[in-house]
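Numbering (our numbering), first residue to last: 31 to 141.
Comments concern the structure below.
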DNA sequence: TGGGTGACCATAG
DNA sequence: ACTATGGCCACCC
């Protein structure tokens, strides 16, 4: 049985609005597993196998760095997808990360 | 069974 | 700003 954790991660990622981004740690925290931010990354690795589209490009590390770009079809696709949505990216890093940040804890009104 | 690894994070210097 | 270190835990030899 697939971990619910896995499904919950995808569920949240799909909720990220266009032009916004969030971090692995924020998602982990929203799921009550702040200790396992690495698990979020592992879940994302499987995201390609999901039948429903998962906007993985909207998930970066807490530094606003596109650490997962090498897992996309091409090394530049992640950056291009973000720029299409209006997110500026320079040197694999999101400009004005704070401004684009989307916190699931706040937006989803979790306690 | 156990060591190595990772789309991470926090802290220290 | 940068490196080093430790914690985290599922997964793969």
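Idealized CB from N, CA, C, for every residue including glycine.
Source: prediction; values computed, not measured.
For residue 75, the enclosing alpha helix (DSSP H) begins and ends at 67–75. The C-alpha of residue 103 is placed about 30 Å away from the C-alpha of residue 135.
Annotation: the stretch 39–125 contains the following complete segments of the alpha helix (DSSP H) (minimum length 4 residues), in chain order: 54–60, 67–75, 107–114. Considering only 109, 82, 72, the residue with the shortest C-alpha distance to residue 35 is 72. Secondary-structure assignment with DSSP links residue 131 through a beta bridge to 51. Taking the C-beta atoms as reference points, residue 105 is found no nearer than 8 Å to residue 44.
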